[in-house]
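Some notes on the structure that comes next.
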Amino acid sequence: MLRHVRLTTLVALCVVVPAVAAAAAPFAYITNSNTGTISVLDLASGAETDTITLPGSALPWGVALSPDGKTLYASNFGNGNFFKVDLATKVAQSIAAPALAFGVAVHPSGSPVFVTHNSSTGGTSAFDTTTFGRTAVMSGSMSSGAAINVARGHLYVANRFGVRVLDLATYALIRQVSMGQGFGVAVHPAGTTFYVALPSLGQLAIIDAASFAATFVTLTGAVTPQGVAVSPDGKWVYTSNYGSANVSVVNAETGAFVRNVSVGMNPYGLQFAPDGSKAYVANWGSHNVSVINTTTFTVTSLSISGRAPVAFGLFIFGQAEQIIEVAIDITPGGNPNTINLKAKGTLPVAILGSEEFNVADVDPTTVTFAGAPVVIKKNGQAMASYDDVNGDGYVDIVVHVDREQFTLKVGDTEGVLEGKTNDGKAFRGKGSVRVLN
Ligand SMILES: [Ca+2]
Ligand SMILES: [Ca+2]
Numbered sequence: 001m002l003r004h005v006r007l008t009t010l011v012a013l014c015v016v017v018p019a020v021a022a023a024a025a026p027f028a029y030i031t032n033s034n035t036g037t038i039s040v041l042d043l044a045s046g047a048e049t050d051t052i053t054l055p056g057s058a059l060p061w062g063v064a065l066s067p068d069g070k071t072l073y074a075s076n077f078g079n080g081n082f083f084k085v086d087l088a089t090k091v092a093q094s095i096a097a098p099a100l101a102f103g104v105a106v107h108p109s110g111s112p113v114f115v116t117h118n119s120s121t122g123g124t125s126a127f128d129t130t131t132f133g134r135t136a137v138m139s140g141s142m143s144s145g146a147a148i149n150v151a152r153g154h155l156y157v158a159n160r161f162g163v164r165v166l167d168l169a170t171y172a173l174i175r176q177v178s179m180g181q182g183f184g185v186a187v188h189p190a191g192t193t194f195y196v197a198l199p200s201l202g203q204l205a206i207i208d209a210a211s212f213a214a215t216f217v218t219l220t221g222a223v224t225p226q227g228v229a230v231s232p233d234g235k236w237v238y239t240s241n242y243g244s245a246n247v248s249v250v251n252a253e254t255g256a257f258v259r260n261v262s263v264g265m266n267p268y269g270l271q272f273a274p275d276g277s278k279a280y281v282a283n284w285g286s287h288n289v290s291v292i293n294t295t296t297f298t299v300t301s302l303s304i305s306g307r308a309p310v311a312f313g314l315f316i317f318g319q320a321e322q323i324i325e326v327a328i329d330i331t332p333g334g335n336p337n338t339i340n341l342k343a344k345g346t347l348p349v350a351i352l353g354s355e356e357f358n359v360a361d362v363d364p365t366t367v368t369f370a371g372a373p374v375v376i377k378k379n380g381q382a383m384a385s386y387d388d389v390n391g392d393g394y395v396d397i398v399v400h401v402d403r404e405q406f407t408l409k410v411g412d413t414e415g416v417l418e419g420k421t422n423d424g425k426a427f428r429g430k431g432s433v434r435v436l437n
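Below is the structure:
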């Protein structure tokens with residue numbers, strides 16, 4: 001392992017130094033029931049980057065992804081089958097299943113896949129994901145949402161009478177929690193609690209995963225809550241209310257109903273982004289996806305090419321974007337870092353290299369400091385140079401930003417540098433400043 005990097009070895013280092021683990025941007029996979037398609041949405045841009053057409057007469061409904069994110073499973077509510085989609089090739093394969101395939105969940109090991117059936121005698125099937133043979137049948141009636149509690153080794157299936165708790169290894173029935181038709185099911189990240197939407201009661205059931213004791217939250221102003229989702233930090237539970245075009249927000253710690261947020265028509269599938277900053281809901285009636293900012297509760301929408309989206313299940317895959325923290329030196333060698341807002345020209349800021357961060361990875365055209373971009377020269381290149389400004393043996397990059405574009409004001413004490421590496425990873429550094437006018 002190279003501990004000290006000299007300028008002359010910079011090029012070689014691009015190969016030698018391991019990059020920080022890549023964070024896959026999240027994608028949403030929306031089943032469009034009227035068009036027999038799946039819209040693939042890049043949640044970083046909000047754009048539909050792919051549209052997968054399912055074979056046959058398809059009414060894609062429930063959805064789940066394999067743990068590695070490479071395979072998608074979608075139920076076909078219109079026929080006795082479900083689909084396996086290879087997300088690399090976008091090839092969809094049809095697998096025979098009992099009628100009215102509805103909810104889908106995948107075992108944490110990747111197999112089997114569980115498919116629920118929404119008929120009067122419909123329970124749950126388990127399919128081996130290599131052979132696609134049906135390896136188990138669990139009884140039930142009007143089964144809908146399915147979810148897995150990895151910590152407790154339980155499979156939950158909502159049904160006509162509430163929710164069934166099944167042993168994830170033996171499929172034995174552990175408990176039927178009776179409380180009226182259950183629909184969507186979601187599990188707290190710690191596995192301590194699970195949640196069931198009760199459409200006909202307009203309630204959310206909060207169920208202790210050990211004792212199965214249930215408490216019920218009345219969702220004021222909610223009609224037919226169907227989908228349910230828990231925030232990644234476990235603090236909030238949302239329901240999508242099909243009949244009232246809104247999403248209810250419940251405090252998971254207190255069990256208190258907090259508020260409703262208006263979304264599109266007939267909201268159905270609902271899930272949080274991996275970083276919890278947004279929640280996405282597929283609107284069956286308005287043919288789009290609402291995006292709820294979970295801090296401000298403002299709502300925007302994403303367009304999709306298909307119609308009548310459902311996305312019932314866990315339809316988002318990806319990791320929260322990780323920001324690499326870097327050390328910077330504003331006006332290298334100078335201290336304090338005085339910034340005169342009346343000054344023109346450029347301000348040099350060094351991004352310091354280290355054993356963990358190779359500045360050869362920096363795309364200088366993406367860098368801003370205190371809102372000011374790096375100056376682009378007439379030849380199209382960023383004004384930047386490589387030097388070891390602090391003499392620690394690691395190469396640093398010195399970028400020159402446009403002094404006339406600072407968003408700083410007098411009294412600010414911190415300047416933030418942001419940018420991206422050549423392969424799109426975000427980094428950030430902070431330094432003290434003294435701002436004069
Ligand atoms: Ca300095
Ligand atoms: Ca250095």
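According to the working numbering, the sequence shown holds residues 1 to 437 in order. By construction, the Cβ of each residue, glycine as well, lies at the ideal position given by its N, Cα and C atoms. Here the structure is a predicted model, which is why all the values come from computation and not from measurement.
Legend entry - alanine 229, buried or exposed, once every other Cβ within 10 Å from all chains shown has been counted against 16: buried
Inset, instruction - Report yes if the C-beta distance between isoleucine 95 and asparagine 79 is below 8 Å; otherwise report no. - result: no
Legend entry - Selection from Gly411, Asn422 and Arg428 that minimises the alpha carbon distance to valine 435: Gly411
Legend entry - Boundaries of the beta strand (DSSP E) in which alanine 92 is found, first to last residue: Per DSSP, alanine 92 belongs to the beta strand (DSSP E) from 91–96.
Inset, instruction - Out of Leu59, Val63 and Val85, state which residue places its alpha-carbon closest to the alpha-carbon of threonine 71. - result: Val85
Legend entry - Heavy atom of ligand 2 within 7 Å of tyrosine 394 beta-carbon: yes
Inset, instruction - Would you list the one or two residues that DSSP bridges to proline 309? - result: Asn32
Inset, instruction - Assign glutamate 325 to one of three DSSP states: helix, strand, or coil. - result: strand
Legend entry - Stretch-stretch touch, CB-based, cutoff 8 Å, three pairs: the stretch 294–304 with the stretch 398–415: no
Legend entry - asparagine 34 versus alanine 151: straight-line alpha-carbon distance, rounded: 37 Å
Legend entry - the stretch 221–239 contacting the stretch 185–200, beta-carbon criterion three pairs below 8 Å: yes
Legend entry - Supposed close pair isoleucine 38, leucine 54 - CB separation, criterion 8 Å: 7 Å
Inset, instruction - Put valine 263 into one of helix, strand or coil per three-state DSSP. - result: coil
Inset, instruction - Figure out for me which residue from Ala28, Gly56, Asn149 and Asp329 has the closest Cα to the Cα of leucine 87. - result: Ala28
Legend entry - Status (buried if at least 16 other CB within 10 Å, exposed otherwise) for methionine 205: The question names methionine, but residue 205 is alanine in the sequence shown. Classification of alanine 205: buried, given that the 10 Å Cβ count is 16 or more.
Inset, instruction - Let me know the secondary structure DSSP gives valine 16 once reduced to three states. - result: With a pLDDT of 36 at valine 16, under the threshold of 50, the modelled position of that residue is not reliable, and the figure given next carries that caveat. Shown here, valine 16 sits in a helix according to DSSP, grouped into three states.
Legend entry - Contact check, serine 240 vs glycine 227, beta carbons under 8 Å: Their beta carbons are under 8 Å apart, which means serine 240 touches glycine 227 by this criterion.
Inset, instruction - Tell me whether valine 395 sits in a helix, a strand or coil according to DSSP, three-state version. - result: coil
Inset, instruction - Report yes if the CB atom of isoleucine 376 is closer than 8 Å to the CB atom of threonine 366, and no otherwise. - result: Going by C-beta atoms, isoleucine 376 is not nearer than 8 Å to threonine 366.
Inset, instruction - State the CB to CB distance for the pair threonine 215 and glycine 255, rounded to an integer number of angstroms; the pair is presumed to be in contact (CB under 8 Å). - result: 6 Å
Legend entry - Assigned exposure category for valine 91 - 16 Cβ within 10 Å defines buried: exposed
Legend entry - Cα-Cα separation, phenylalanine 312 to serine 144: In a straight line, the C-alpha of phenylalanine 312 is about 9 Å away from that of serine 144.
Inset, instruction - Return the CA-CA distance between alanine 23 and glutamine 381, expressed in angstroms with no decimal places. - result: Low per-residue confidence applies at alanine 23: pLDDT is 43, beneath 50, and the placement is therefore not dependable, though the value from the model is reported in the following sentence. Spanning the two alpha carbons is a distance of roughly 28 Å.
Legend entry - Span of the beta strand (DSSP E), counted from its first residue to its last, around asparagine 251: 246–251
Legend entry - Status (buried if at least 16 other CB within 10 Å, exposed otherwise) for aspartate 361: Looking at its Cβ environment, which holds 16 or more other Cβ atoms inside 10 Å, aspartate 361 is buried.
Inset, instruction - Please say whether serine 244 and alanine 279 have beta carbons closer to each other than 8 Å? - result: no
Inset, instruction - Could you tell me whether the Cβ atoms of leucine 100 and phenylalanine 77 are closer together than 8 Å? - result: yes
Inset, instruction - Mind checking which residues open and close the beta strand (DSSP E) that includes proline 364? - result: 362–369
Legend entry - Start and end residues, beta strand (DSSP E) containing alanine 186: Annotation for alanine 186: the continuous beta strand (DSSP E) segment containing it runs 185–187.
Inset, instruction - For arginine 259, count neighbouring C-beta atoms within 10 Å of its own C-beta (all shown protein chains included) and say buried if the count is 16 or more, exposed if not. - result: exposed
Legend entry - Per DSSP, the bridge partner or partners of leucine 408: Note: leucine 408 is not bridge-paired with any residue in the DSSP secondary-structure output.
Inset, instruction - May I ask you to report which of helix, strand or coil DSSP gives arginine 175? - result: Residue state, collapsed to three classes: strand.
Inset, instruction - Take proline 98 as the anchor and find which of Thr124, Lys378, Pro112 and Ser109 has the nearest alpha-carbon. - result: Thr124
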